[in-house]
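FYI, in our numbering the residues of the sequence shown are 319 to 766. Single-structure report; data block below.
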Amino acid sequence: GTTRFCVDYRRLNQITTKDAFPLPRIDDIYDQLTKAAYFTKFDFKAGYFQVPLDKLDRPKTAFSTRDGHFQFKVLPQGLTNGPPTFQRIVNQILGPNRWKHVLAYIDDIIIYSQNFNEHLKHIEEVCLLLQEANFKLNVDKCEVARAEILFLGHLIKAGTIKPDPDNIRGLTETREPTSAEEAFRFVKAAEYYRKFIPKFSTIAAPLHKYSPATVQQQKNNKKLKFELSAEARTAFHQLKKILTTDLILDLPDDTLTFKLQTDASVDGIGAVLLQMTPNGDRPLAYMSKKLTRTQINWPTIEQECYAIVQAIEKWDKYLRGHEFILETDHEPLIHFANKEQLNKRCERWRLKLAEYRFKAKHIQGKKNNMADYLSRSPVEAAEEDIEERTQHTSTSTQTDLSFPTLDNSSISLIITTAVTRAQAKLQQQAMATQSITLMDEKGDELIP
């Protein structure tokens, strides 16, 4: 992998005047894309690092290391105004072509056309605009002239939109219950969405037979292994199908609030992404992932936090730039961000979470049934944390950091991305932060 800066900008973000520049509505984007037959998706190469910072704002990004003090001259990750700033720049670059044959959602660009020859012309037009603005693309991640393409969590092809299979496999690939407790846990998870499932009581009746009548029976159900009856098996697969079809997995609506529910168990981690509608919480996607041997031995609070980080990274395109609700049944997590002393792994997670705007809420376990069920029936392969991968490397742990240079001389956009509240009132506030000029081997200035 590549070295990535992790700078704690929480205090800077707290006093930064929020940029209200809007992101495009996801449903409007899908409306445009369903009219096309060919698609091309562009991915920027270190997109934020291609945006120059105003010289007056650079000291605000300063950070200290054992080698001295440094500051960014380009837009770093972690600033609260990063997404709207980047969206504004890309909108200006694409100009009047937007909503005709090209759209951008923060750092993702998609070109769409009704026929192949037309599509080639549109690709050339967009490439010329990006070249004129001196913006570079990550060629390895670009997809060109596709009849089917994955964009913002949905597969788009010939006028149809389907959920990304990866967003629902956490539920679609779960095995049949092998105990009464597992059957009961599944039906309780599905029951949370009964408002969206016609005739839910009738469909779920065979599974409700496994509901424990007493506490002792509930304990016995954990040990009791059995095979589902034919009726219960039919109910299980029918409910699972309903929960993973367009009946329940509707397109996201940016006017509604996103909600993320997560959980961790000895078996794995689980999460469900929802939107809060007038009729209740409607699910958009599911995640279910196993834990490695090392992760199984982590403290509970770290497993729970890992579930949150994995879910947010998985659904970044939905959550970045929006304020959302995070619900967990592990109460110590609510105060996680305010802890003064954390190990390196947790500190890295805290900085990652600081890039997003959310309100964390504690809920009772009985209200977190789907995430709980997914965490106990994980289907996705375990993924090593970065520290686990580092432990397998026998080479030196010291890394040479390379700082990016930038010469976007053809762009007339110098972005003031961090305007503090104090500065908004006193435009001429003096900056006391001092910085060091970093030089490369050729003597060129990297950070002024």
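Even for Gly, the Cβ is constructed at its ideal location relative to N, Cα and C. What you are looking at is a predicted structure, and each value in this text was computed from that prediction instead of being measured.
Between Thr562 and Leu489, which are expected to be in contact by the criterion C-beta below 8 Å, what is the C-beta distance as a whole number of angstroms?
6 Å
Given Gln579 as reference, the closest of Asp585, Asn435, Gly586, Leu592 once Cα atoms are compared
Leu592
Top-ranked residue by Cα proximity to Pro402, from His640, Pro370, Phe676
His640
On the CB-based measure, 16 or more other CB atoms within 10 Å of its CB, does Thr334 come out buried or exposed?
buried
Return the CA-CA distance between Lys454 and His555, expressed in angstroms with no decimal places.
47 Å
Have a look at Ser583 and Phe357 and give me their C-alpha separation to the nearest angstrom.
41 Å
Buried or exposed: which applies to Glu649, given that a residue is buried once 16 or more other Cβ atoms fall within 10 Å of its Cβ?
exposed
Give me the residue from Asp458, Leu412, Lys506, Val462 with the minimum Cα distance to Asn686.
Lys506
DSSP-derived helix/strand/coil call for Ile515
coil
Using DSSP bridges, identify the partner residues of Gln593.
Answer by DSSP bridge pairing, in chain order: Phe576, Arg600.
Can you check DSSP and say which residues form a bridge with Gly586?
Lys608
Using 8 Å as the Cβ pair cut-off and three pairs as the minimum, do the segment 666-674 and the segment 598-607 touch?
No, they do not touch.
Expressed to the nearest angstrom, what Euclidean distance is found between the alpha-carbon atoms of Tyr624 and Glu443?
42 Å
So Phe773 and Arg512 are supposed to be a Cβ contact under 8 Å. How far apart are they, rounded?
The structure shown does not extend to residue 773, since the chain spans only 319 to 766, so no value can be given for it.
Put His680 into one of helix, strand or coil per three-state DSSP.
strand
Closer than 7 Å: is that where the CB of Arg551 sits relative to any heavy atom of the ligand NAP?
Ligands in the displayed structure: none, and consequently the ligand NAP is not present.
Which of the three DSSP states, helix, strand or coil, is assigned to Phe362?
strand
Tell me which same chain residues have a C-beta within less than 6 Å of the C-beta of Glu622, skipping the five on either side of it?
Ala582, His648, Leu651
Measure the alpha-carbon distance for Lys459 versus Tyr528 and round it to whole angstroms.
When the Cα atoms are used, Lys459 and Tyr528 turn out to be separated by approximately 48 Å.
Could you tell me which of Ile427, Lys475, Glu500 sits nearest to Leu692, measuring between CA atoms?
In this structure, Glu500 is the residue among Ile427, Lys475, Glu500 with its C-alpha nearest to the C-alpha of Leu692.
N-terminal and C-terminal residue of the alpha helix (DSSP H) that Ile626 is part of:
618-632
Can Asp571 and Pro696 be called in contact, C-beta distance under 8 Å?
No, Cβ-Cβ distance for Asp571 and Pro696 is not below 8 Å.
With a 10 Å radius around its C-beta and 16 neighbouring C-beta atoms as the bar for buried, classify Ile441 as buried or exposed.
buried
Own chain partners of Phe642 with C-beta closer than 7 Å, once the 5 adjacent residues on each side are dropped:
Thr575, Phe576, Lys577, Leu578, Phe676.
Whole-number beta carbon distance between Glu665 and Gly396, since they are thought to touch under 8 Å:
About 13 Å separates the two Cβ atoms, so there is no contact after all.
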